[in-house]
Amino acid sequence: MKKIAIFASGGGSNFKVIYEKIISWDIPAEICLVISNNPSCGAIDFAEQNSLPTFIVNKTRYPDSHSRDIILMQNLLKTDIDLICLAGYMKMIPTNIVAHFENCILNIHPALLPDFGGKGFYGIKVHEAVIKSNAIESGATVHFVDNQYDHGPIIAQRKIKILDTDNAEILAERVLKAEHELYPEVVKAFCENRINWESGLPKIVEERKE
Ligand code: GAR
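Going left to right, the sequence shown walks through residues 914 to 1123 as my numbering numbers them.
Next comes the structure, spelled out in structure tokens:
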């Protein structure tokens, strides 16, 4: 069983779908820690309601950035974390953590990276930019995390066609549905050791059906 730490800053709907798959035994893992910069976000409320350990890390609690990074790392090591899932976490992951957990940190982004990602592309802004660009498709991307926002080897994407009836809000809802399918699939593949590296790129090995 892999030990997962979830990092979330907002409502935590992606966290919730992963949690549901874990408690229904579909993903062989355990959520050992939920980390947020925002003590009053939906993700922390949900974690507390479900008796999952939480840890708040932000400038108010730890004004010194070096101490903040160290204490965050200590919490991850203490819990023996195998996998970190960023689920709407709006802060940069400290470089010491990225280095220690190389290819063990996943992020989901609500667009087809490398387009519409990086600084400034968060929340509804992503979908506004997609609509404005007249793109014909959008979707969700799950990738391993490196030291840049929304960057690092792409593991899987789920595409959706942009419809004439879409505006940024409608598209956001449709992409979120795609995220809720895609993210648990990738987390499951990681937990079942089904992510292989081929020519330097991660690739999911399909589940064997009985
Ligand atoms: C999701 O749409 C996720 O893709 C996005 O934040 C939202 C969190 O929603 N992440 C990013 O934009 C990362 N750059 P949730 O709290 O309901 O899971």
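Quick reminder that beta carbons are idealized off the backbone N, C-alpha and C, glycines included.
Within the DSSP secondary-structure output, Q1070 pairs in a beta bridge with T1054.
In the structure shown, the three-state DSSP call for T1008 is helix. Short note on F928: C-beta closer than 7 Å to some heavy atom of ligand 1.
Excluding residues up to 5 positions away in sequence, F928, S949, A956, A1000, G1001 and Y1002 lie with their Cβ nearer than 6 Å to the Cβ of A921 in the same chain. A straight line joining the alpha-carbon of D1063 with that of I931 spans about 20 Å. In terms of CA proximity to G1113, G1065 leads the group I984, G1065, E961 and N1020.
Contact annotation, Y975 with I1021: C-beta distance approximately 26 Å; criterion of less than 8 Å not satisfied. In the three-state reduction of the DSSP assignment, A960 falls in the helix class, which pools H, G and I. Short of 6 Å from the beta carbon of F1029, and not among the five residues preceding or following it, lie these beta carbons of its own chain, in chain order: V1039, A1042 and V1043. If you look at P1097, you'll find it in the alpha helix (DSSP H) that goes A1081 to C1104.
Each residue's CA atom was taken as its position, placing A942 and R1107 some 14 Å apart. Going by beta carbons, N971 and M986 fall outside the 8 Å limit.
The Cβ neighbour count for P1027, taken over all protein chains shown within 10 Å, is under 16; the residue is labelled exposed. In the DSSP assignment, V930 falls within the unbroken alpha helix (DSSP H) covering S926 to I936. In terms of Cα proximity to F1034, the closest of A1081, K934 and V947 is A1081. A direct Cα-Cα distance of roughly 16 Å separates D958 from A918.
Distance from A1091 to I1073 at the Cβ level is roughly 6 Å; contact confirmed, criterion being Cβ atoms closer than 8 Å. Ligand 1 approaches Y1035 closely enough that one of its heavy atoms is under 7 Å from the residue's Cβ.
For the region 978-1034, the full-length alpha helix (DSSP H) segments reaching 4 residues or more read 978-991 and 1008-1013 along the chain.
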